[in-house]
Amino acid sequence: MDPLSEKIRKMIASKQLKISMSEVARVTGVSTSQLRYWEKKGYIKSEQDEQNKNHYFSFPTIFQVLTIKVFLDQGFTLAMAVKKERKRRELHKIFTCFITDGIKEVEQTGEDSGEVKLGALTEDSTKEVYAVIDGEKTSLRIRDRKEN
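Residue numbers for the sequence shown follow this note's numbering, beginning at 19 and rising by one.
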């Protein structure tokens with residue numbers, strides 16, 4: 019992984035990126051009173067400053083808010099929207115694990131094409147799996163593993 023991608027990934031994962039409740043309301047379209055209610059119900063969490071007045075939300079929490087809002091906009095109740103968001107978050111953890119542990123190397127081979135090396139096969143370490151991206155089409159392939 020290149021140093022910039024790694025630094026951004028670590029910054030987001032460490033939850034150091036935080037924005038105020040009013041800013042979360044502005045960018046998500048969820049009112050501050052709704053955010054307070056959701057927080058009171060335990061659906062989302064914030065951190066408060068030393069005077070215990072201002073609420074600050076991490077980047078992952080902003081995605082939670084957006085996801086809950088999308089489900090609400092689709093007609094789900096708040097309880098169901100939260101349940102669906104939690105399921106989405108569980109799937110996201112699995113995907114994140116795949117991205118951080120499964121992708122070994124990304125190489126651009128053309129303007130809108132490239133290869134993603136996924137690593138050696140468990141059953142045969144002489145073979146490796148990689149994804150070939152050509153425009154909007156992705157295919158998985160197996161080839162003899164190159165020795166480094």
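For each residue, glycine too, the CB sits at the ideal point set by N, CA and C.
Residues of its chain near residue i, where Cβ-Cβ distance is below 7 Å and the 5 sequence neighbours each way are ignored
i, result
"K164", "none"
"T144", "D162, R163"
"T50", "M39, S40, A43"
Per-residue DSSP class, three states only, for residue i
i, result
"Q82", "helix"
"Y74", "strand"
"G60", "coil"
"G120", "helix"
"T127", "strand"
"D91", "helix"
"K135", "strand"
"K164", "coil"
"S38", "strand"
Environment of residue i [buried if 16+ CB atoms lie within 10 Å]
i, result
"T95", "exposed"
"L139", "exposed"
"L53", "buried"
"H73", "buried"
"V45", "exposed"
"T168", "Look at the range of the chain in this structure, 19 to 166, and you will see that residue 168 is not part of it."
Per DSSP, cross-strand counterpart(s) of residue i
i, result
"T156", "I151"
"K111", "BP columns for K111 are empty, so no partner."
"E141", "Paired residue(s): none; E141 is not in a bridge."
"E146", "A138, R161"
Other residues of its chain near residue i: CB distance less than 6 Å, five sequence neighbours each side excluded
i, result
"V48", "V83, K87"
"Q126", "G132"
Heavy atom of the ligand GDP within 7 Å of residue i beta-carbon
i, result
"Q82", "Because no ligand of any kind appears in the structure shown, any question about the ligand GDP cannot be addressed here."
Does the region 123-133 touch the region 151-161, meaning 3 or more C-beta pairs lie closer than 8 Å? They touch, by the three-pair rule.
Would you say the region 81-94 touches the region 112-127, given that touching needs at least three Cβ pairs under 8 Å? Note that the region 81-94 does not touch the region 112-127; fewer than 3 beta-carbon pairs, one per stretch, sit closer than 8 Å.
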